[in-house]
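Chemist: The following block contains the structure, expressed as structure tokens.
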Amino acid sequence: DAGVTQSPTHLIKTRGQQVTLRCSPKSGHDTVSWYQQALGQGPQFIFQYYEEEERQRGNFPDRFSGHQYPNYSSELNVNALLLGDSALYLCASSLGGSDTQYFGPGTRLTVL
Amino acid sequence: QKEVEQDPGPLSVPEGAIVSLNCTYSNSAFQYFMWYRQYSRKGPELLMYTYSSGNKEDGRFTAQVDKSSKYISLFIRDSQPSDSATYLCARIENSGGYQKVTFGTGTKLQVIP
Numbered sequence: 001d002a003g004v005t006q007s008p009t010h011l012i013k014t015r016g017q018q019v020t021l022r023c024s025p026k027s028g029h030d031t032v033s034w035y036q037q038a039l040g041q042g043p044q045f046i047f048q049y050y051e052e053e054e055r056q057r058g059n060f061p062d063r064f065s066g067h068q069y070p071n072y073s074s075e076l077n078v079n080a081l082l083l084g085d086s087a088l089y090l091c092a093s094s095l096g097g098s099d100t101q102y103f104g105p106g107t108r109l110t111v112l
Numbered sequence: 001q002k003e004v005e006q007d008p009g010p011l012s013v014p015e016g017a018i019v020s021l022n023c024t025y026s027n028s029a030f031q032y033f034m035w036y037r038q039y040s041r042k043g044p045e046l047l048m049y050t051y052s053s054g055n056k057e058d059g060r061f062t063a064q065v066d067k068s069s070k071y072i073s074l075f076i077r078d079s080q081p082s083d084s085a086t087y088l089c090a091r092i093e094n095s096g097g098y099q100k101v102t103f104g105t106g107t108k109l110q111v112i113p
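These protein sequence lines are chains E and G, in that order. Take the first sequence: its position 59, counting from 1, is numbered 59 in this note's numbering, and each next residue is one higher. Take the second sequence: its position 69, counting from 1, is numbered 69 in this note's numbering, and each next residue is one higher.
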């Protein structure tokens, strides 16, 4: 049973560029949440997708957007990258309203 | 004041020691708590969750919640080098019909052989 997978593993971008990160949820899960984890910090909630719609959102600007596909996989898009966007981006999947989330290994984004 | 606060450590203990990891929280709304373990360059993995005050035990791990003092703890007995990781506490509360998850900053633990 495949767990949560994310791609790419690492990514280097320059300020002002745009980036797309991808996530495949654990088999059978229909809800995907995205988190940003800066170095030495805990994960910060970005948003959650369920049934292809953004269900709830954390305190992140509109530069952060997402999408969920019918197969429940999801993308996180960040526009106009800033140096401060450098972080580990984590995807977590769950089933429906369950609070039990399974995390992927993350994508480490470096903005130069 | 942060919603969930943790001492970032690092905390170094000898193998076999009892480890105590702690979090405090500021909100008194109905909520429950989870502990996650995160190895370097990996995503967090769920260790334990607890819904009420008191203790919950799972093998070498015990989670404790004291709602009167807004204090949550994770105890690790007979600590092993493989326990070396960052431990994150998380508070889950119902917000607008959905679960809102707030993580602490994490405590880095190193168990010395």
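In this text, a Cβ means the ideal position worked out from N, Cα and C, and glycines have one as well. Only a predicted model underlies this, so the values are computations on that prediction, with no experimental measurement involved.
1. I'd like to know whether the C-beta of Phe61 of chain G is nearer than 8 Å to at least one C-beta of chain E.
2. Within a Cβ cutoff of 6 Å, which residues of the same chain sit near His10 of chain E, ignoring the five residues on either side of it in sequence?
3. Pick from G:Gln38, G:Val65, G:Arg41: whose alpha carbon is nearest that of Val49 of chain G?
4. Does the distance from the C-beta atom of Asn27 of chain G to that of Glu93 of chain G stay below 8 Å?
5. So for Leu11 of chain G, helix, strand or coil by DSSP?
6. Quick one: grab the DSSP three-state call for Leu88 of chain E.
7. Applying a beta-carbon distance threshold of less than 7 Å, which residues of chain E neighbour Pro8 of chain G?
8. Which ranges does the beta strand (DSSP E) cover as unbroken runs of at least 3 residues, wholly within the region 32-87 of chain E, from first to last along the chain?
9. Applying the criterion that 16 or more other CB atoms from any shown protein chain within 10 Å of the CB defines a buried residue, is Asp85 of chain E buried or exposed?
10. Leaving out the 5 sequence neighbours to the left and right, which residues in its chain are closer than 6 Å to Ser24 of chain E when beta-carbon positions are compared?
11. Is the CB of Gln31 of chain G under 8 Å away from at least one CB in chain E?
12. Would you mind working out which of G:Val19, G:Val4, G:Ile112, G:Asp83 sits nearest Gln41 of chain E, comparing C-alpha positions?
13. Locate the beta strand (DSSP E) running through Arg108 of chain E, then write down its first and last residues.
14. So with CB distances below 9 Å, who are the chain G contacts of Phe45 of chain E?
15. Can you name the start and end residues of the beta strand (DSSP E) that Asn27 of chain G belongs to?
Modeler: Straight from the coordinates:
1. Residue 61 of chain G sits at position 61 when you count from the first residue of the second sequence. The beta carbon of Phe61 of chain G does not come within 8 Å of any beta carbon belonging to chain E, so the residue lies off that interface.
2. Taking the first residue of the first sequence as position 1, residue 10 of chain E is located at position 10. Closer than 6 Å at Cβ, skipping near neighbours: Arg108.
3. Position 49 of the second sequence, counted from the start, is the residue given in the question as residue 49 of chain G. Here the sequence assigns Tyr to residue 49 of chain G, which means Val is not the residue at that position. If we check each option's Cα against that of Tyr49 of chain G, G:Val65 comes out closest.
4. Along the second sequence, read from residue 1 onward, the residue named residue 27 of chain G stands at position 27. Along the second sequence, read from residue 1 onward, the residue named residue 93 of chain G stands at position 93. Their beta carbons are under 8 Å apart, which means Asn27 of chain G touches Glu93 of chain G by this criterion.
5. Position 11 of the second sequence, counting from 1, holds the residue named residue 11 of chain G. Strand, per DSSP.
6. For the purposes of this step, residue 88 of chain E is taken as the residue at position 88 of the first sequence. Strand, per DSSP.
7. Counting from one through the second sequence, the residue named residue 8 of chain G turns up at place 8. Within chain E, the residues placing a beta-carbon under 7 Å from that of Pro8 of chain G are Gly40, ordered along the chain.
8. 44-50, 53-57, 64-68, 74-78
9. Against the first sequence, residue 85 of chain E aligns to sequence position 85. Asp85 of chain E is buried by the Cβ-count criterion.
10. For the purposes of this step, residue 24 of chain E is taken as the residue at position 24 of the first sequence. Excluding sequence neighbours, Ser24 of chain E sits near Thr5, Ser73.
11. Indexing the second sequence from 1 puts residue 31 of chain G at position 31. Taking Cβ atoms only, chain E never reaches closer than 8 Å to Gln31 of chain G, which makes this a no.
12. In the first sequence, residue 41 of chain E corresponds to position 41, counting from 1. Closest by alpha carbon: G:Val4.
13. By one-based count along the first sequence, residue 108 of chain E stands at place 108. Run containing Arg108 of chain E: 107-111, per the beta strand (DSSP E) assignment.
14. If you number the first sequence from 1, residue 45 of chain E lands on position 45. By Cβ distance, chain G contributes Lys100, Val101, Thr102, Phe103.
15. Reading the second sequence from its first residue, position 27 is the one you call residue 27 of chain G. Unbroken run through Asn27 of chain G: none, as it is neither H nor E.
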